[in-house]
Amino acid sequence: MKMNEEIFRRRVERFQEELRKRDIDGAVIRTQSSFIYFTGTKWLRPSLLIPAEGEPKVLVVRNEAEEFKRRSWIEDVEEYQRVEDLMASVVTWIHNNGMERVGLEFGFERDAYLAFLRIFQRLNPTVDVVDILDITMGLRMIKDEWELEQIRKAGKIAKAGMEVAEEVIKPGKSELEIAAEIMRELMIRGSEDPKVYVSTTPRAHAEPFRDLKVKENGVVTVVIGADYNHYYANMARTFVIGDPGGRVREAIKVKEEAYRLALEETRVGVVLNSVEKKLAEFFRAKGFENEYITGYTHGVGLLIEELPMPTIIVQTRAQKVQENMVLSIIHAPLMLPEGSIKHEDTYIVKKNKLESVTL
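The opening residue of the sequence shown carries number 147 in our numbering; numbering runs sequentially from there.
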């Protein structure tokens, strides 16, 4: 489905303005999420060439051009058959446009930059390669109304998936079986690339295992990332099975209190780290200092976890909350021997409030 051309063309124009401010002649976009941001569609092995001035160009595999043009507003689409042809097209584009400084995203996604960078530098030894991740993420961090509407729709899908989780979690069922049933529901409702994590043991990042099963008296934590038109909503819940013990019940109560505190403190103009410090002090006072993992929030959008990302990119803890950011609160679990305790929802930051899309 082709999206509104005006929205995506304006994104490219704003990006080009930022390139010119930094004296960058053009950019090679290889990360899928940024490729989607500018083109309006996902594509495996993305290759988008954006000059500081002029029209963008997309490189796709032979016989893919027709379908790509049906889904994107970009007209200049070139096909290639071999990876050597792909690299040759990039080099030719750079040289024909007289580029001396070219931007790449030094990111963390599949197809991002490292292997491509090494080949690129070998083929273009005189070209200065600069990191443009701050530009793309700076643009993506603040959502427009169209993006917010996709995230709201994704939130409805995520909620439906969590309802299935509540129904199917039973003693003896494996993490993988639970994830499969949730995944089916998300896909049926239109999520093309859902993420489902299920943990019956204390794991911060819980890709489901087939040999880990729900205990008679334990906890199961489910994290869902549902997408709609490539935009995600993120939510997590911990389910109690039987009687896992007083410490678990206490942790769940404390986590709910921390969740409310985080919502009260997260507002436009507030530095993320100031909220982080208050939460750390709160958990210390409640006796859970050693169980709390730092990183109470992260951005949500074309990735289930994107900038600002205080969870793993420490410098983004200095980021101020801005209107039309989309944040996941509270991301970090309490890590108990019995399991990880989570309560996480996706919020749109509005001028005077937080709007939940997963409640």
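Heads up, the beta-carbon is just placed ideally off N, CA and C, and yes, glycines get one too.
message: Looking at the secondary structure, which residues open and close the beta strand (DSSP E) in which Tyr226 lies?
response: Stepping through the sequence shown from its first residue, residue 226 is reached at position 80. Where Tyr226 is concerned, the enclosing beta strand (DSSP E) starts and stops at 223-226.
message: Tell me whether the stretch 354-366 and the stretch 484-493 touch, counting them as touching only if at least three CB pairs, one residue from each stretch, are closer than 8 Å.
response: Taking a contact to require three or more Cβ pairs closer than 8 Å, the stretch 354-366 and the stretch 484-493 qualify as touching.
task: Mind checking which residues open and close the beta strand (DSSP E) that includes Ile175?
output: As a working note, residue 175 is residue 29 in the sequence shown. Where Ile175 is concerned, the enclosing beta strand (DSSP E) stretches over 172-175.
task: For the stretch 262-279 and the stretch 334-343, state whether three or more C-beta atom pairs, one from each stretch, are separated by less than 8 Å.
output: Judged by Cβ distances under 8 Å, the stretch 262-279 makes no contact with the stretch 334-343, as fewer than three pairs qualify.
field: Endpoints, the beta strand (DSSP E) within which Arg247 is located
entry: Taking the sequence shown and counting its residues from 1, one reaches residue 247 at position 101. It spans 247-250 - the beta strand (DSSP E) in which Arg247 sits, taken as one unbroken run.
message: So the candidates are Arg157, Leu409, Val344; which of them puts its Cα closest to the Cα of Glu320?
response: Translated into positions along the sequence shown, residue 320 becomes position 174. It is worth fixing the name first, because residue 320 is Ser in this sequence and not Glu. For the residues Arg157, Leu409, Val344, the minimum Cα distance to Ser320 belongs to Val344.
query: Exposed or buried, which one is Leu190 when buried takes at least 16 other CB atoms within 10 Å?
result: As a working note, residue 190 is residue 44 in the sequence shown. With a 10 Å radius around the Cβ and a threshold of 16 neighbouring Cβ atoms, Leu190 comes out exposed.
message: On a Cα-Cα basis, can you pick out the residue from Ala464, Thr177, Val386, Ile281 that is closest to Glu313?
response: Within the sequence shown, numbered from 1, the residue matching residue 313 stands at position 167. Selected option, being the one with the closest Cα: Val386.
- prompt: Are Ile288 and Gln162 touching if we call contact CB-CB under 8 Å?
  reply: Residue numbering aside, residue 288 sits at position 142 when the sequence shown is read from its first letter. Residue numbering aside, residue 162 sits at position 16 when the sequence shown is read from its first letter. No, these two residues do not count as a Cβ contact at 8 Å.
- request: Kindly indicate which three-state DSSP category His376 falls into: helix, strand or coil?
  value: In the sequence shown, the residue the question calls residue 376 occupies position 230. Three-state DSSP puts His376 in coil, outside helix and strand.
field: Option nearest Asp373 by Cα separation, candidates Thr346, Ala350, Leu453, Leu332
entry: Taking the sequence shown and counting its residues from 1, one reaches residue 373 at position 227. Of Thr346, Ala350, Leu453, Leu332, the residue nearest in Cα terms is Leu332.
query: Apart from the five residues just before and just after Asp277, which ones in its own chain have a Cβ nearer than 8 Å to its Cβ?
result: For the purposes of this step, residue 277 is identified with residue 131 of the sequence shown, where counting begins at 1. Around Asp277: Gly249, Leu250, Glu251, Phe252.
field: Whole-angstrom distance between Glu246 and Ile170, CA atom to CA atom
entry: Indexing the sequence shown from 1 puts residue 170 at position 24. Indexing the sequence shown from 1 puts residue 246 at position 100. Each residue's Cα considered, the two are about 8 Å apart.
Which listed residue (Thr238, Leu448, Ile475, His489) has its alpha carbon closest to that of Ile87: Any property of residue 87 remains undetermined from this structure, which presents the chain solely from 147 to 505.
- request: Could you tell me which uninterrupted beta strand (DSSP E) segments, each at least 3 residues in length, are contained entirely in the stretch 161-224, listed from first to last along the chain?
  value: Runs found: 172-175, 194-197, 203-207.
- request: Classify Thr238 as buried or exposed, calling it buried when 16 or more other Cβ atoms lie within 10 Å of its own Cβ.
  value: Taking the first residue of the sequence shown as position 1, residue 238 is located at position 92. By the 10 Å Cβ count, Thr238 comes out exposed.
task: Excluding the 5 residues preceding and the 5 following Phe434 in the sequence, name in chain order all residues of the same chain whose CB lies nearer than 8 Å to its CB.
output: Working through the sequence shown from its first residue, we reach residue 434 at position 288. For Phe434, where only same-chain residues beyond five positions count, the Cβ hits under 8 Å are Ala397, Val400, Leu480.
query: What residues match up with Met487 in a beta bridge as DSSP calls it?
result: The residue labelled residue 487 in the question sits at position 341 within the sequence shown. The sequence given here places Ile at residue 487; Met does not occur at that position. DSSP lists Leu480 as the bridge partner or partners of Ile487.
- prompt: What are the partner residues of Tyr493, as DSSP defines its beta bridges?
  reply: Locating residue 493 in the sequence shown gives position 347, counting from the first residue. Residue pairing by DSSP places Tyr493 opposite Leu473, Ser502 in a beta bridge.
task: Just mark Lys341 as buried or exposed, buried being the case when its beta carbon has 16 or more other beta carbons within 10 Å.
output: Taking the sequence shown and counting its residues from 1, the one referred to as residue 341 is at position 195. Residue burial annotation: Lys341 is buried, with at least 16 other C-beta atoms found within 10 angstroms of its C-beta.
message: Does His351 come out as helix, strand or coil in the three-state DSSP assignment?
response: In the sequence shown, residue 351 corresponds to position 205, counting from 1. The answer is coil: DSSP assigns His351 none of H, G, I, E or B.
- prompt: Are the stretch 388-396 and the stretch 349-363 touching by the rule of at least three beta carbon pairs closer than 8 Å?
  reply: Yes, they touch.
task: With distances taken Cα to Cα, identify the nearest neighbour of Lys423 among Tyr378, Glu164, Pro456.
output: Here residue 423 corresponds to residue number 277 of the sequence shown, with the count starting at 1. Comparing Cα-Cα distances from Lys423 to each of Tyr378, Glu164, Pro456, the minimum goes to Pro456.
task: Sort Pro348, Leu448, Ile328, Pro317 by Cα distance to Ile303 and report the nearest one.
output: If you number the sequence shown from 1, residue 303 lands on position 157. In this structure, Ile328 is the residue among Pro348, Leu448, Ile328, Pro317 with its C-alpha nearest to the C-alpha of Ile303.
Residues near Glu402 in its chain [Cβ-Cβ closer than 8 Å; skip 5 each side]: Looking up residue 402 in the sequence shown gives position 256. Within its own chain, the residues whose Cβ lies closer than 8 Å to the Cβ of Glu402, once the five positions on either side in sequence are excluded, are His489, listed in chain order.
message: Considering only DSSP beta bridges, list what Asn290 is partnered with.
response: Residue numbering aside, residue 290 sits at position 144 when the sequence shown is read from its first letter. The sequence as given places Asp at residue 290; Asn does not occur at that position. Paired residue(s): none; Asp290 is not in a bridge.
message: I'd like the list of long-range same chain contacts for Ser235, defined as Cβ closer than 7 Å, with 5 residues on each side in sequence excluded.
response: As a first step, residue 235 is located in the sequence shown; it is residue number 89 there, counting from the start. Annotation for Ser235: Leu205, Glu224, Tyr226 place their beta carbon closer than 7 Å to its own, counting only its chain and skipping 5 residues before and after.
message: Per DSSP, what are the beta-bridge partners of Arg383 in this structure?
response: Stepping through the sequence shown from its first residue, residue 383 is reached at position 237. Arg383 is bridged by DSSP to Val368, His489.
- prompt: For Pro317, does the count of other Cβ atoms within 10 angstroms reach 16, so buried, or fall short, so exposed?
  reply: Reading the sequence shown from its first residue, position 171 is the one you call residue 317. With a 10 Å radius around the Cβ and a threshold of 16 neighbouring Cβ atoms, Pro317 comes out exposed.
task: Within its chain, find whatever has a CB closer than 6 Å to the CB of Lys203; leave out the 5 residues flanking it on each side and keep chain order.
output: Numbered from its first residue, the sequence shown carries residue 203 at position 57. Leu195, Asp222.
- prompt: Span of the beta strand (DSSP E) holding Val360?
  reply: Here the question's residue 360 lines up with position 214 in the sequence shown. That residue, Val360, is in no beta strand (DSSP E); it is neither H nor E in DSSP.
- request: Grab the span of the beta strand (DSSP E) containing Thr443 for me, first residue to last.
  value: In the sequence shown, counting from the first residue as 1, residue 443 sits at position 297. Residues 443-445.
task: For chain C, find out if any of its Cβ atoms is closer than 8 Å to the Cβ of Asp491; answer yes or no.
output: Of the protein chains in the structure, only one exists, and it is not chain C.
query: Can you tell me where the alpha helix (DSSP H) with Val236 in it begins and where it stops?
result: For the purposes of this step, residue 236 is taken as the residue at position 90 of the sequence shown. That run of the alpha helix (DSSP H) goes 229-242.
- request: For the stretch 461-478 and the stretch 489-500, state whether three or more C-beta atom pairs, one from each stretch, are separated by less than 8 Å.
  value: A contact exists between the stretch 461-478 and the stretch 489-500.
query: If we ignore side chains and look at the alpha-carbon of each, how far apart do Ser506 and Leu449 end up?
result: Lying before the first or after the last residue shown, residue 506 is absent from the chain, which here runs from 147 to 505.
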